[in-house]
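These notes are about the structure you will find just below.
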Amino acid sequence: MTQDILDEDDHEEAGWENWSGSITADPDEILEPETESELQDIVRRCADDGTTVRVAGAGHSWTPVVETDGVIVSLANMTGLVDHDPDAGTATLYAGTTLEEAGTELHTRGLAFPNLGDVSMQTVAGAFGTGTHGTGPEFGNLSSVLTGGRLVTGTGEIREFNAEDNPDLLRAAKVSLGTLGIFTEIELDLQDTYKIQRREYCTNWRECKEHIPNLIEENRNFDFYWYPRSDEVKLRLLNGPGGGTDHDDLEYATLVENQTGWWQETIPAHDDIGREFDEMEYAVARENGLECFEKARERVRENWRKDVGWRMLVRTIAPDEAMLSTEYDREAMTISCIQNADLEHWPYFTDMEPLFREYDGRPHWGKKHTLRAAELEELYPEWEHFQEIRRDLDPEGVFMTDYLEALLEDGSSSEVEPT
Amino acid sequence: MTDSDSETDETPIGETRWVIPGGHVPTGSTGPEPEMVSHDKLCVLNTGPEMATLEVTLRYGDGHEAGPYPLSVASERVRHIRINDLIDPYAPPLGRDYAIVVESNVPVVVQFSRQDTRQAENATLSTMGYGE
């Protein structure tokens, strides 16, 4: 049965890599099921064979969450809208739908995600599973709109879940790295479609520093890039047309971009830059966020200006209750470090990481970090509860790899190479 | 204006390939940034009627090549490009000797300058590249 599902071209290539090329895998098979029942067959076969199966989204991660020498499943054939209710503001999508596809489908039906990140190529389920987020103190990460769905568990069973019948499973599933099962359908709590005005300003740190707290409060979505080799800053303000910080109050900055469009068109496509970079991002408590960034800025200027040209990105996120969300139970500010894929990133990242840890930072699940289970469980109050749910849904560990074992079960950073 | 003057005016000034061997971005700076950050800079003048499409490649002493960095300069415009600001596909490491090769689809004029603010007595230098 599963041989029929095999995409022979993919099988011949027998390779998978993430978007930057820094993570590669050589699985036995790359499969693209077209139905839920085909997916169940794949998982059951892998369970019977003692083979690991991992689900891949768009590969927009810098950690080996997909890497396996077993089977990689792509949901590229399970995309689109299942149904929707414009009056209730809800919709159900197939899990392989990309954010770009979802944006178009939902907009034509008058619905919208309340917030988005910076990239539209990710699949919805993949973005949820790794805790992808946008920015704005009133908005949680992307998975915060997940209200239920269907997944194929490690035993090949279909498990439906929702907030009424199994709220703990929902809170575990939102950010779960594909370790509870493989999503097939996801139910979303959305809002009416809307327009956004995106303004971008250039300035420098000494000019804008004191204004950052107000900019966070006054704008629907605000974030900023800091450029280490010049101390220049790009401010990004997204609001309903005409909203947000008055232009006259930004006399310390130069307006370089001013566009208004439907919400799904405001995601920067990043077509003007390459994809060959690696990234580390930590979420710290928002009240300490700017202090942490100031120290990070000083450390970059002191230690890394010679070797790092890429900007640092600072965003805010609302708290939530997802068990492995980096925003679990606290307002967060995220700080990310980026380096060209062709240049060494670990000396830079491992120099910066202890600073983020001093602030009880939680590493983004899809970006570079060195933490393992022993350290991570101290950061998540419901860590063990999540693991119980995961073991219940995947008793034989068909979704687990050596990396995920180290990350979620028994890892020690001294025993595992950085990934 | 005579016909010959008009033809002269329409002939772009410059060359399509330029080389500056003496690149070296100082690692330190003194004074408020970004104004006083030490840097190397390319100044490209396009006097012609067409958009100039450039590829900038950096060559290091160990044989490593960085780039090419695609750049453009609009018709009848000058553009200043700090080497420090190049990021993609490869942020040039500072403090290392390198050379700059500029290739353009139309004739342009390329000048090179350096601002070195490592000490309070700031230094600047400027030179033309070698064109052919």
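Heads up: the protein sequence lines correspond to chains A and B, in order. Using the numbering used here, the first residue of the first sequence is number 3, and each one after it goes up by one. Using the numbering used here, the first residue of the second sequence is number 101, and each one after it goes up by one. Here a beta-carbon is modelled for each residue, glycine too, at the ideal position from N, C-alpha and C.
Candidates the options: closest to residue i by CA position
| i | options | result |
| --- | --- | --- |
| residue 130 of chain A | A/172, A/262, A/108, A/110 | A/172 |
| residue 46 of chain A | A/73, A/104, A/203, A/264 | A/73 |
| residue 155 of chain A | A/43, A/119, A/207 | A/43 |
| residue 141 of chain A | A/279, A/320, A/211 | A/320 |
| residue 318 of chain A | A/307, A/362, A/292 | A/292 |
| residue 285 of chain A | A/116, A/111, A/371, A/254 | A/371 |
| residue 207 of chain A | A/179, A/338, A/51, A/303 | A/303 |
| residue 218 of chain A | A/199, A/239, A/231 | A/239 |
| residue 103 of chain A | A/92, A/78, A/91, A/116 | A/78 |
| residue 187 of chain A | A/339, A/19, A/406, A/93 | A/93 |
| residue 287 of chain A | A/134, A/226, A/136, A/337 | A/337 |
| residue 127 of chain A | A/354, A/177, A/85 | A/177 |
| residue 295 of chain A | A/113, A/355, A/123, A/263 | A/355 |
| residue 231 of chain A | B/178, B/114, B/194 | B/194 |
| residue 1 of chain A | A/114, A/312, A/98, A/180 | Absent from the model: residue 1 of chain A. The displayed extent of chain A is 3 to 421, so no value can be given. |
| residue 111 of chain A | A/309, A/84, A/65, A/373 | A/84 |
| residue 181 of chain B | B/162, B/175, B/202 | B/202 |
| residue 35 of chain A | A/264, A/185, A/23, A/62 | A/185 |
| residue 225 of chain A | A/368, A/71, A/281, A/118 | A/118 |
Residue i to residue j span [Cα, whole Å]
| i | j | result |
| --- | --- | --- |
| residue 335 of chain A | residue 118 of chain B | 46 Å |
| residue 341 of chain A | residue 190 of chain B | 9 Å |
| residue 314 of chain A | residue 155 of chain B | 27 Å |
| residue 200 of chain B | residue 214 of chain B | 13 Å |
| residue 411 of chain A | residue 377 of chain A | 11 Å |
| residue 422 of chain A | residue 401 of chain A | It is not possible to answer for residue 422 of chain A, since the shown part of chain A is limited to 3 through 421. |
| residue 232 of chain B | residue 144 of chain B | 15 Å |
| residue 58 of chain A | residue 125 of chain A | 9 Å |
| residue 146 of chain A | residue 327 of chain A | 10 Å |
| residue 140 of chain B | residue 123 of chain B | 7 Å |
| residue 41 of chain A | residue 129 of chain B | 59 Å |
| residue 234 of chain A | residue 38 of chain A | 50 Å |
| residue 105 of chain A | residue 251 of chain A | 33 Å |
| residue 333 of chain A | residue 173 of chain B | 45 Å |
| residue 54 of chain A | residue 324 of chain A | 26 Å |
| residue 51 of chain A | residue 33 of chain A | 16 Å |
| residue 229 of chain A | residue 395 of chain A | 45 Å |
| residue 381 of chain A | residue 362 of chain A | 7 Å |
| residue 13 of chain A | residue 68 of chain A | At residue 13 of chain A the pLDDT is 40, less than 50, meaning the model places this residue with poor confidence and gives no usable figure here. |
| residue 205 of chain A | residue 247 of chain A | 15 Å |
| residue 273 of chain A | residue 120 of chain A | Only weak support is given to the placement of residue 273 of chain A: the predicted model assigns it a pLDDT of 48, under 50, and the value that follows is read from those uncertain coordinates. Taking the straight line joining both Cα atoms gives about 12 Å. |
| residue 149 of chain A | residue 174 of chain A | 12 Å |
| residue 375 of chain A | residue 267 of chain A | 38 Å |
| residue 177 of chain B | residue 365 of chain A | 46 Å |
| residue 209 of chain B | residue 255 of chain A | 32 Å |
| residue 216 of chain B | residue 196 of chain B | 14 Å |
| residue 160 of chain B | residue 153 of chain B | 23 Å |
| residue 18 of chain A | residue 100 of chain A | 18 Å |
| residue 407 of chain A | residue 97 of chain A | 25 Å |
| residue 167 of chain B | residue 162 of chain A | 51 Å |
| residue 89 of chain A | residue 193 of chain A | 10 Å |
| residue 221 of chain A | residue 227 of chain B | 46 Å |
Strand pairing of residue i, partner residues [DSSP]
| i | result |
| --- | --- |
| residue 310 of chain A | Residue 310 of chain A pairs with nothing; no bridge assigned. |
| residue 222 of chain B | Beta-bridge pairing links residue 222 of chain B to no other residue. |
| residue 74 of chain A | A/32, A/56 |
| residue 2 of chain A | With chain A represented from 3 up to 421, any question about residue 2 of chain A goes unanswered, as that position is not in the structure. |
| residue 176 of chain B | According to DSSP, residue 176 of chain B bridges with nothing at all. |
| residue 191 of chain A | A/92 |
| residue 105 of chain A | Paired residue(s): none; residue 105 of chain A is not in a bridge. |
| residue 26 of chain A | A/19 |
| residue 204 of chain A | A/236, A/256 |
| residue 145 of chain B | B/178, B/209 |
| residue 336 of chain A | A/285, A/317 |
| residue 218 of chain A | Answer is none; residue 218 of chain A lacks a bridge partner. |
| residue 154 of chain B | B/171, B/204 |
Any non-hydrogen atom of the ligand GDP within 7 Å of residue i CB
| i | result |
| --- | --- |
| residue 285 of chain A | Looking at this structure, you won't find the ligand GDP or any other ligand, since it has none at all. |
Proximity test, Cβ basis, 8 Å: residue i and chain E
| i | result |
| --- | --- |
| residue 132 of chain B | Given the protein chain composition of this structure (A and B), no chain E is represented. |
Chain A contacts made by the segment 172 to 193 of chain B, where a contact means CB separation under 9 Å: If you check each beta-carbon in the segment 172 to 193 of chain B against every beta-carbon of chain A, the ones closer than 9 Å belong to 182, 184, 185, 186, 187, 188, 189, 190, 191, 192, 193.
Interface residues of the segment 21 to 35 of chain A facing chain B [CB-CB below 8 Å]: When C-beta distances to chain B are compared with 8 Å, every residue of the segment 21 to 35 of chain A stays at or above that value.
Interfacial residues, the segment 286 to 310 of chain A to chain B, with Cβ spacing under 8 Å: When CB distances to chain B are screened at a threshold of 8 Å, the residues of the segment 286 to 310 of chain A falling below it are 307, 308, 309, 310, in chain order.
Interfacial residues, the segment 242 to 263 of chain A to chain B, with Cβ spacing under 8 Å: Contact annotation: in the segment 242 to 263 of chain A, no residue has its CB less than 8 Å from a CB in chain B.
Members of the segment 343 to 358 of chain A near chain B, C-beta cut-off 8 Å: When C-beta distances to chain B are compared with 8 Å, the residues of the segment 343 to 358 of chain A below that value are 344, 345, in chain order.
Against chain B: residues of the segment 206 to 222 of chain A by CB proximity under 9 Å: Those would be 206, 207, 208, in chain order.
Interface residues of the segment 105 to 132 of chain A facing chain B [CB-CB below 7 Å]: The residues in question: there are none.
Chain B contacts from the segment 60 to 89 of chain A (Cβ-Cβ distance under 7 Å): Identification of residues in the segment 60 to 89 of chain A having a C-beta nearer than 7 Å to some C-beta of chain B yields an empty set.
The segment 228 to 242 of chain A: positions lying closer than 9 Å to chain B by Cβ: Along the segment 228 to 242 of chain A, the positions whose C-beta sits under 9 Å from a C-beta of chain B are 229, 231, 232, 233, 234, read in chain order.
Interface residues of the segment 154 to 167 of chain A facing chain B [CB-CB below 9 Å]: Here the close residues number zero.
Inside the segment 130 to 174 of chain A only - beta strand (DSSP E) runs reaching at least 3 residues: Fully enclosed beta strand (DSSP E) runs of 3 or longer: 148 to 154, 160 to 164.
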